[in-house]
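Chemist: The structure follows.
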Amino acid sequence: MQSKEDESLINPSRARLLAEANRCVSCGLCLPHCPTYRLTLSEADSPRGRIAMIHGVASRRIPMNERFAVHIDRCLACRACEAVCPNHVAYGRLIDETRAMMAIPTSDSSRGKVVIKKNRFRSLLESIFIDKSSRFDLVRPLIYLFQKIGLQQGLLRSDLVRRTKLGLLLSKLPWIRFPLHAWQEVYPAIGVQRGEVALFLGCVARLVDVETNLSAILVLNQLGYTVHVPNAQTCCGALYQHSGRIAEATDLIQRNKNAFAGLNIKAIISTASGCGAHLTEFCSQYQTENFSVPIVDINKFLTELDWNEVKITALSERVAVHDPCSMRNVVRTSDCPYQLLAHIPGIELIELAGNNLCCGAAGTYFLDQPEIAESLLNDKMVALDKTGASYLVTSNVGCLLHFASGLRAQGKKIEVLHPVTLLARQIGIQ
Ligand code: SF4
Ligand code: SF4
C-alpha cells in the first residue's frame, strides 16, 4: 500500500506534465537530432510528436493506449532533443514522468492497460541485483566459470537461445575479468596525500567492468588521492527512474546518500557517465536533499589535477572517442576525455562521426527495442571502421558493452575501453 506522500511522488501531476509540454512551441529544431525520428521519419517518433501526444494524454483528449505506448517506449531518453531545444523544454523529466504515469494501475477509462512489458524472470533479476548491487560481486566468479567451461558460447550457438532476450543479453556479456576481486573500503594515496574522494562503483560495472573502477582508483592514488569505496553503496537507480519507478529510484538514492555520508571527502567520483548524470540530477529534479558532496565524473576530476609529475608512456595509436549521451546532453562534460587523453604522448584522438546520436545501448533499451538499438549500433560500426582506430574509448559502461558486442559480432580487433583504463595502462599501474 503506498502512502499519500509516495503517491504524490509517483503519480506525476497531469498539470505538471501539461505545463512542461505547453512550453514546446513546435518549432521542430529538435527533429534532425532525434535518432528515432531519423530512423522511422514518423512525427510520432520525434520529440515534438511525443510531446504533443503526452499533452493529449495528460489533458485526456487522447487515450493512453498501446499506440501511445509504442512511441513512448521507442524513445531512448538520450535527451539530444533537450540539448538543442531553444525553449529549454525539460524533455528528460517529461519522458520519465510520462513513463511513471504509464506504470500506475488505474481505473481511469480513458486509459488502456499500458504497462512496461517485462517478464517475471527479468523483473526478478532486476530486483535481486539493482536493489543490492554488491550481489554482482558474488556472481562474478560463477559467470566466469560459466564462460570458462564454454556454456556461454554453447548457448549462443543455439538458434533457439540466440533469438531470445536471454540470447541477446548473453551476446552483450564480455569475458569476465578479475573474477575474485573484493573491494576494499579504503585505497590509500601514494606519496603526498592531496585529498580524499569516494568512488561510486555502479551495478553492472561490478560484474563486467571491474577494470575501469580499479583503474580509476589506481590513477587517483597515484595522483595523491585516497579513495573510499563504501560497501553499503548500491545501484544509482537510473534504470528504475527511466522505467517510471520513481519511488524505487528515490529509495536507492537515499541508500547511496547514507552510504557516502560521514566520509571526509571532497567528491564522489563516478566512472560511468550514465550513473553520474543520474546521481547529479535526481536530487534537484525531485527536490530531495542533495548528496553532501558533489558527484564528479572521473574524466572531469582528473582533467583538473596537476599531471606534471606523472610519467606517461607514449602510445602511437589512433584512438576513436565516443561521447555518451549522458555526458554530451546531461552533464555536458564530453570535452573532458579528449583533454585527459591528450596527456598521453603520441596519441591520435579522433572524434567518432555521429557522436551527437545515441549508440542504442540506453540502459536496457538494447533489450526492449533490439531492432532500433542494432540499427543505431550499425551506424556506429560504420563510423568506427572509417576512423582506422585501434581503440575506442567511451565513458559509459552500457555503451562500452554495446560497442564491444558489435565489434565481436563482426570479428573486429578494436579494443573498447574507458579513457581512465587506457591512461592507467600508459602510466604503467595495471
Ligand atoms: S526544439 Fe523544443 S520547442 Fe522546438 S519542437 Fe523540439 S521540444 Fe518543441
Ligand atoms: S530523448 Fe532522444 S529519442 Fe527521445 S525524443 Fe529526444 S532525441 Fe528522440
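In my numbering, the protein residues as written are 176 to 605. For each residue, glycine too, the CB sits at the ideal point set by N, CA and C. Since the model is a prediction, treat every value here as computed from it, not as a measurement.
1. Cutting at 7 angstroms between CB atoms, please list the residues of its own chain near A391, excluding the five before and the five after it.
2. State the DSSP-derived secondary structure class of A528, mapped to helix, strand or coil.
3. With distances taken from CA atoms, which of F243, R223 and R236 is nearest P261?
4. Count the C-beta pairs between the stretch 497-516 and the stretch 424-435 that are closer than 8 angstroms, then say yes if the count reaches three, no if not.
5. Please tell me whether, using a cut-off of 7 angstroms, the distance from the CB of S201 to the nearest non-hydrogen atom of ligand 1 is below it.
6. Leaving out the 5 sequence neighbours to the left and right, which residues in its chain are closer than 7 angstroms to C205 when beta-carbon positions are compared?
7. Closer than 8 angstroms is the cut-off here; do at least three beta carbon pairs connect the stretch 537-546 with the stretch 337-345?
8. Quick one: what's got a C-beta closer than 7 angstroms to R420's C-beta in the same chain, skipping five residues either side?
9. Would you call the stretch 574-583 in contact with the stretch 346-366, where contact means no fewer than 3 C-beta pairs closer than 8 angstroms?
10. Using CA atoms only, rank isn't needed, just tell me which of V383, V264 and L335 is closest to R352.
11. List, from N- to C-terminal side, the alpha helix (DSSP H) runs of 4 residues or more that fit wholly inside the stretch 537-561.
12. The alpha helix (DSSP H) that contains S346, what's its start and end?
13. Please name the residue in R242, L269 and A495 whose C-alpha comes closest to that of L193.
14. By DSSP's criteria, V496 is part of a beta bridge. Which residues make up the other side?
15. Please determine if the stretch 518-525 and the stretch 547-556 are in contact, where contact requires at least 3 C-beta pairs separated by less than 8 angstroms.
16. Return the chain-ordered list of same chain residues with a C-beta closer than 7 angstroms to the C-beta of G203, the five sequence neighbours on each side being excluded.
17. Just the Cα atoms here: how many angstroms apart are A364 and G399?
18. Flag this pair as yes or no: are the beta carbons of C500 and C450 separated by less than 8 angstroms?
19. If you follow the alpha helix (DSSP H) that A391 is part of, which residue opens it and which one closes it?
20. At a cut of 8 angstroms, does the stretch 456-466 reach the stretch 480-488 through at least three beta carbon pairs?
21. Quick check on DSSP: helix, strand or coil for Y169?
22. Just to confirm, is the Cβ distance from L592 to V394 under 8 angstroms?
23. What number of angstroms, rounded off, separates the C-alpha of A584 from the C-alpha of L552?
24. Using DSSP with H/G/I as helix, E/B as strand and the rest coil, what is F321?
25. Consider the C-beta atom of R223 and the heavy atoms of ligand 1; say whether any pair is separated by less than 7 angstroms.
26. Is Y540 near ligand 2 - that is, is its Cβ less than 7 angstroms away from at least one heavy atom of it?
27. Would you mind listing the alpha helix (DSSP H) stretches within the stretch 224-275 that are 4+ residues and don't spill past its ends, in chain order?
28. If you draw a straight line from the C-alpha of Y415 to the C-alpha of V557, how long is it?
29. Span of the alpha helix (DSSP H) holding D334?
30. Using three-state DSSP, classify V372 as helix, strand or coil.
31. Keeping to the same chain, check which residues put their C-beta closer than 6 angstroms to that of N396; ignore five residues upstream and five downstream.
32. Would you kindly work out how many angstroms separate the C-alpha atoms of T215 and V385, rounded to a whole number?
Modeler: In short:
1. Excluding residues within five positions, the ones whose Cβ falls inside 7 angstroms are L374, I444, T446, I473 and V595.
2. Three-state result, A528: coil.
3. With distances taken between Cα atoms, P261 lies closest to R223.
4. Flag = no, the stretch 497-516 and the stretch 424-435 do not touch.
5. A heavy atom of ligand 1 is found nearer than 7 angstroms to the CB of S201.
6. Excluding the 5 residues flanking it on each side, C205 has same chain C-beta neighbours closer than 7 angstroms at P222, R223, C256, V259 and C260, in chain order.
7. Touching, yes, given that three or more Cβ pairs across the two stretches are closer than 8 angstroms.
8. Within the same chain, and ignoring the five residues on either side of R420 in sequence, the residues whose Cβ sits closer than 7 angstroms to its Cβ are A278.
9. Yes: at least three Cβ pairs fall under 8 angstroms.
10. Of the candidates V383, V264 and L335, the one whose C-alpha sits nearest the C-alpha of R352 is V383.
11. Segments of the alpha helix (DSSP H) lying fully in the stretch 537-561: 540-543.
12. Taken as a continuous stretch (DSSP letters only), the alpha helix (DSSP H) holding S346 covers K340 to K347.
13. Closest option to L193, judged by alpha-carbon separation, among R242, L269 and A495: L269.
14. Per the DSSP secondary-structure output, V496 pairs in a beta bridge with E526 and V568.
15. No: the two stretches stay apart, fewer than three of their Cβ pairs being nearer than 8 angstroms.
16. So the list reads R223, once near-sequence residues are dropped.
17. When rounded, the separation of the alpha-carbon atoms in A364 and G399 is 5 angstroms.
18. Cβ atoms of C500 and C450: not closer than 8 angstroms.
19. For A391, the uninterrupted alpha helix (DSSP H) segment begins and ends at V385 to Q397.
20. Contact annotation: the stretch 456-466 does not touch the stretch 480-488, with fewer than three C-beta pairs closer than 8 angstroms.
21. Limits of the chain in this structure are 176 at one end and 605 at the other, which puts residue 169 out of reach.
22. The answer is no: Cβ separation not under 8 angstroms.
23. Distance between the alpha carbons of A584 and L552 is about 12 angstroms.
24. The answer is helix: DSSP assigns F321 an H, G or I state.
25. Within the cutoff, so yes.
26. Outside the cutoff, so no.
27. Listed in chain order, the alpha helix (DSSP H) runs fully inside the stretch 224-275 are 241-248 and 255-259, counting runs of at least 4 residues.
28. Separation of Y415 and V557 (C-alpha to C-alpha, rounded to the nearest whole angstrom) is 32 angstroms.
29. Taken as a continuous stretch (DSSP letters only), the alpha helix (DSSP H) holding D334 covers D334 to R337.
30. The DSSP-derived three-state label of V372 is strand.
31. Annotation for N396: Y362, A364 and I365 place their beta carbon closer than 6 angstroms to its own, counting only its chain and skipping 5 residues before and after.
32. Straight through space, the alpha carbons of V385 and T215 are spaced by roughly 37 angstroms.
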